[in-house]
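Reading through the structure tokens given below for one structure.
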Amino acid sequence: MGRTGPARGTSRGAATRRGALIALGAGLLTACSSADTSGRDGTAEAARAEEALRRRSANTSRELLRQYDAVLARHPGERARLTPLRTAVARQVTALTPPRSTAPSPSATAGTAAVAADPGRALRALAAAERDTADRHTAALVDAPPELARLLASVAAAGAAHAYLLTEGFGR
Amino acid sequence: MSTGALQAATAALAAEHAAVYGYGVVGGRIDAARRAEAAAAHDAHRARRDALARTVHDLGGKPRAAEAAYALPFAVPDSASAVRLATVLEDRIAAVYADLVRASRGALRREAAGALRDAAVRAARWRGTGVAFPGLAERA
Numbered sequence: 000m001g002r003t004g005p006a007r008g009t010s011r012g013a014a015t016r017r018g019a020l021i022a023l024g025a026g027l028l029t030a031c032s033s034a035d036t037s038g039r040d041g042t043a044e045a046a047r048a049e050e051a052l053r054r055r056s057a058n059t060s061r062e063l064l065r066q067y068d069a070v071l072a073r074h075p076g077e078r079a080r081l082t083p084l085r086t087a088v089a090r091q092v093t094a095l096t097p098p099r100s101t102a103p104s105p106s107a108t109a110g111t112a113a114v115a116a117d118p119g120r121a122l123r124a125l126a127a128a129e130r131d132t133a134d135r136h137t138a139a140l141v142d143a144p145p146e147l148a149r150l151l152a153s154v155a156a157a158g159a160a161h162a163y164l165l166t167e168g169f170g171r
Numbered sequence: 002m003s004t005g006a007l008q009a010a011t012a013a014l015a016a017e018h019a020a021v022y023g024y025g026v027v028g029g030r031i032d033a034a035r036r037a038e039a040a041a042a043h044d045a046h047r048a049r050r051d052a053l054a055r056t057v058h059d060l061g062g063k064p065r066a067a068e069a070a071y072a073l074p075f076a077v078p079d080s081a082s083a084v085r086l087a088t089v090l091e092d093r094i095a096a097v098y099a100d101l102v103r104a105s106r107g108a109l110r111r112e113a114a115g116a117l118r119d120a121a122v123r124a125a126r127w128r129g130t131g132v133a134f135p136g137l138a139e140r141a
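One line per chain: the protein sequences are A and B, in this order.
Mind the numbering: the first sequence is residues 0 to 171 in the working numbering, read in order.
Mind the numbering: the second sequence is residues 2 to 141 in the working numbering, read in order.
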């Protein structure tokens, strides 16, 4: 305790007050540490579950991003239509990725199916992939913590809109 | 469920009332070619409004009726501005349902996510393009 602190007084009243504070402090410390132990475990577990869900969801969207890249490589003529959609999916991957996570999981590289030679068929396949991705995000949001559920619902909604644009929207 | 769910459902109901009113204006101004689309959206919002009124009631709240009239965000003299109004209505609807997803659980959360999805698809129809995060103003 600092020498210049306000509790430096030597009167009995001050000493008693200080004693009461110490006693109270000890009580609080005990209460804190016991609550903290269970609380910290629960919180840490919830944080781990959220991070795992974020990572899975980011991988789901990252797989979709690869399919965009595959279609763009095969059909460069679709670049003008597809680039805004691809950009949105890339932003979604970033938003879903857990804050401290670094490299994307390399496992999904093999998952990209062959791209149809016909551009129309390739876009319809991409629309199906968007819809499937949206369904997976929708299933995931049911058990997600509130803020992540909101993000997943938004990303799923964007995917449904993309599926519409890829099938009917471009005809307008 | 929580008071948060009731608050979010109440806000969503208010937005659906406004959307029903707004689509009345859209329907009066939009080109014949897109009138059926506007009418379908109008019906969809009426159905969502009625479902939300029941939800607010089930959550222990008192569902509010629509206002007599709503201020439009801009003048709607023609079909192009009617399409813009429809887009704004869907964007606002998407935002309240995104918040309802966050505030709710279980069946209500799933329903809110479905409503957000429908709003995002209709917004894309009107706009002709998508957005990366429908309903999330902070990421717009």
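Glycine is no exception: its CB is placed at the ideal position from the N, C-alpha and C atoms.
Pair within 8 Å by beta-carbon distance, residue i and residue j
{"i": "B:Ala133", "j": "A:Gln91", "result": "yes"}
{"i": "B:Tyr24", "j": "B:Ala37", "result": "no"}
{"i": "B:Leu73", "j": "B:Val26", "result": "yes"}
{"i": "B:Val77", "j": "B:Arg35", "result": "no"}
{"i": "A:Val141", "j": "A:Leu95", "result": "no"}
Residue-chain proximity (residue i, chain B), Cβ-Cβ < 8 Å
{"i": "A:Glu77", "result": "no"}
{"i": "A:Leu20", "result": "Note on A:Leu20: pLDDT 42, under 50, position unreliable in the model; the coordinate value appears next. Not closer than 8 Å to any Cβ of chain B, the Cβ of A:Leu20 fails to qualify, so no."}
{"i": "A:Ala116", "result": "no"}
{"i": "A:Thr96", "result": "no"}
{"i": "A:Ala30", "result": "In this predicted model, A:Ala30 has a pLDDT of only 42, less than 50, meaning its place in the structure is not dependable enough to derive any value."}
{"i": "A:Thr42", "result": "no"}
{"i": "A:Glu146", "result": "yes"}
{"i": "A:Ala160", "result": "yes"}
{"i": "A:Tyr163", "result": "yes"}
Whole-angstrom C-beta distance between residue j and residue i, which should lie under 8 Å
{"i": "B:Tyr98", "j": "B:Ala116", "result": "5 Å"}
{"i": "B:Ala42", "j": "B:Leu101", "result": "That belief does not hold up - the Cβ atoms of B:Ala42 and B:Leu101 are roughly 19 Å apart, past 8 Å."}
{"i": "A:Ala121", "j": "A:His74", "result": "6 Å"}
Buried/exposed call for residue i, threshold 16 Cβ in 10 Å
{"i": "B:His142", "result": "Nothing can be reported for residue 142 of chain B, as the shown portion of chain B is limited to 2 through 141."}
{"i": "A:Gly168", "result": "buried"}
{"i": "B:Ser3", "result": "exposed"}
{"i": "A:Glu129", "result": "buried"}
{"i": "A:Pro98", "result": "exposed"}
{"i": "A:Thr137", "result": "buried"}
{"i": "B:His46", "result": "buried"}
{"i": "B:Ala125", "result": "buried"}
{"i": "A:Thr86", "result": "exposed"}
{"i": "B:Arg118", "result": "buried"}
{"i": "B:Ala33", "result": "exposed"}
{"i": "B:Asp92", "result": "buried"}
{"i": "B:Glu68", "result": "exposed"}
Neighbour flag for residue i against chain A, beta carbons, 8 Å
{"i": "B:Ala40", "result": "no"}
{"i": "B:Thr4", "result": "no"}
{"i": "B:Ala1", "result": "Residue 1 of chain B lies beyond the residue range present for chain B, which begins at 2 and ends at 141; the question has no answer from this structure."}
{"i": "B:Ala121", "result": "yes"}
Contact the region 100–107 of chain B vs the region 138–150 of chain A: 3+ CB pairs below 8 Å: Three or more beta-carbon pairs drawn from the region 100–107 of chain B and the region 138–150 of chain A are found closer than 8 Å, and the two stretches are therefore classed as touching.
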